[in-house]
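To start, the structure itself, in structure tokens.
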Amino acid sequence: MYDSQAGQILQQLHDRQLLVVNPRRRNGLILYKRYHAEFAGPGSAVGGSFDLDSLEVLPVGNLSLLSPESADERQRAYLIRRQWVRLTKQITDNPDPLKRAQKILEQFEGFFDTETIVQLPDEAFALLVGVLPHTVQKVRHTAPA
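Under my numbering, think of the first position of the sequence shown as 10, with each following residue one higher.
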């Protein structure tokens, strides 16, 4: 299911469609870029001219994408996307790779259920905060249950 959904979403992004991650659900989209990944959480704009460089996408949670109805909705979605980018930047500002991996996992654990987190690959978290997948794996397996 995810593969066909991801392919369809990626095509929409490459077609410059502007979409909004449903703000009423615990869902989001990890956008894989060439050297990093970005997370677009609930309320975030995706697509338009911003995500043409997306190579892959990974739906998180029960993803629902909506078309913005007005200029106000588009502007609000852009602002929310910026907030998600800033949150990730705050995490990546920490020079310690283990702490960056731990913090991004904590952020996702605070927002999504355990089942959703377990399904996300180490590589996705690693690309979000600039660490190696092994670092994320290490933090996942040493974290208290």
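All residues carry an ideal CB built from backbone N, CA and C; glycine is no exception.
1. Spatial neighbours of M10 within its chain, please: C-beta separation below 7 Å, excluding the five flanking residues on both sides.
2. Let me check one thing: in DSSP terms, what residues is L28 bridge-paired to?
3. From the DSSP output, in three-state form, read off G50 for me.
4. Could you give the distance in angstroms between the alpha-carbon of S109 and the alpha-carbon of E82?
5. Determine which residues share a DSSP beta bridge with P68 and list them.
6. In the DSSP assignment, the alpha helix (DSSP H) including D81 goes from what residue to what residue?
7. In this structure, does DSSP put L129 in helix, strand or coil?
8. Rounded to the nearest angstrom, how far is the Cβ of Y41 from that of L136, given a contact under 8 Å?
9. Going by the DSSP bridge assignment, what does L136 pair with across the sheet?
10. Can you give me the C-alpha to C-alpha distance between G119 and V145, rounded to a whole angstrom?
11. For Q128 and G16, I'd like the C-alpha separation in whole angstroms.
In this structure, then:
1. Residue placement at M10 is flagged as unreliable, the pLDDT there being 41, under the threshold of 50; a coordinate-derived value is accordingly withheld.
2. V55
3. coil
4. Before going on, a small fix: residue 109 reads as Arg here, not Ser. Looking at the two C-alpha atoms, the distance is approximately 32 Å.
5. L38
6. A80 to T101
7. coil
8. 7 Å
9. According to DSSP, L136 bridges with nothing at all.
10. 17 Å
11. 18 Å
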